[in-house]
Ligand SMILES: [Zn+2]
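Numbering (the working numbering), first residue to last: 14 to 227.
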């Protein structure tokens, strides 16, 4: 808001304000006074009322449904963060009213917003290979936690070295990845005393030792 008389002074005092609500809009009407020239003028700001949209948030294997209020003119894109009653989530895609799936859309065209929770830790698999026998775990890690090939890791009374990291997209035999992108880590047992980190208290599920089929 700026004064229309003295070349855009922004030193403005609000004398009165009221809000008028229609079906789709909310209009804030102001009676204003310029502190520089004492000119009195009116201004109004039109705000489009938010509407409720369907939101489906996946949390690992489950998904939950809720609604979220968004202004119909807002553009949303995959990767945007939403805060709903299900916590923080990251948009993955949109289903439009014509059933198309897209990565970016104007809110009013959207039927359902699909997102994945970023409030919960990432659950990844760990497989340690002992000559034909595999010990499997599921561990819950902070989404930003990085695992690198060659990391030496302790889990329970075992120490293993990371050999392969399987991410959502590929298998890696070098480099590192964040837990949010990792599906499974494959390791070989080593006889070291020292290790880079201990995942014992991150274990969510422990699978009994299974013999590989011959
Ligand atoms: Zn003025």
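Just so you know, even glycine gets a beta-carbon here, dropped at the ideal spot from N, CA and C.
For residue i, tell me which candidate among the options has the shortest Cα-Cα distance.
i           : options               : result
residue 186 : 115, 164, 71 and 51   : 164
residue 85  : 65, 120, 197 and 194  : 120
residue 161 : 151, 179 and 168      : 179
residue 211 : 31, 143 and 175       : 175
residue 5   : 117, 173, 155 and 118 : No answer is possible for residue 5: the residues shown for the chain start at 14 and end at 227.
residue 200 : 167, 214 and 183      : 167
residue 25  : 53, 63, 40 and 36     : 53
residue 96  : 116, 21 and 70        : 70
residue 157 : 182, 194 and 142      : 194
residue 216 : 208, 169, 67 and 28   : 169
residue 204 : 191, 171 and 198      : 171
residue 142 : 27, 64, 214 and 202   : 202
residue 68  : 125, 220 and 153      : 125
residue 66  : 41, 123 and 190       : 123
residue 198 : 73, 75 and 184        : 184
residue 72  : 93, 89, 206 and 136   : 136
residue 196 : 207, 209 and 182      : 182
residue 190 : 207, 209 and 159      : 159
Keeping to the same chain, check which residues put their C-beta closer than 6 angstroms to that of residue i; ignore five residues upstream and five downstream.
i           : result
residue 19  : 49 and 50
residue 188 : none
residue 22  : 16, 47 and 49
residue 60  : 39
Got a sec? Which residues, its chain only, sit under 7 angstroms from residue i by beta carbon, not counting five neighbours each side?
i           : result
residue 105 : 91, 127, 128 and 129
residue 56  : 14, 43 and 45
residue 27  : 43 and 45
residue 93  : 104
residue 219 : 150
residue 37  : 61 and 62
residue 209 : 164, 165 and 166
Among residues of its own chain, excluding the 5 on either side of residue i, which ones have a beta-carbon nearer than 8 angstroms to its beta-carbon?
i           : result
residue 117 : 88, 89, 90, 91 and 107
residue 155 : 134, 135 and 192
residue 207 : 165
residue 58  : 40, 41 and 43
residue 177 : 162, 184, 185, 186, 198 and 199
Discussion item. When you compare the region 138-157 with the region 111-118, are there three or more beta-carbon pairs, one atom per stretch, that lie closer than 8 angstroms?
Written reply: no
Practice prompt. Answer yes if the region 88-103 comes into contact with the region 117-132, meaning at least three C-beta pairs across the two stretches below 8 angstroms, and no otherwise.
Written response: yes
Discussion item. Beta-carbon distances below 5 angstroms to any heavy atom of ligand 1 define the shell here; list its residues in chain order, please.
Written reply: 16, 18, 19, 22, 47, 49, 50 and 52
Worksheet item: Counting Cβ pairs, one atom from each stretch, are 3 or more of them under 8 angstroms apart for the region 25-32 and the region 69-86?
Response: no
Discussion item. Just to confirm the assignment: which complete beta strand (DSSP E) runs, minimum length 3, are found wholly within the region 54-122?
Written reply: For the region 54-122, the continuous beta strand (DSSP E) assignments of 3+ residues that do not extend past its boundaries occur at 64-72, 75-83, 88-90, 94-97, 100-109 and 117-119, in sequence order.
Item to complete: Write down every uninterrupted run of the beta strand (DSSP E) in the region 177-212 whose length is 3 residues or greater and which is fully enclosed by it, in chain order.
Response: 189-191 and 195-202
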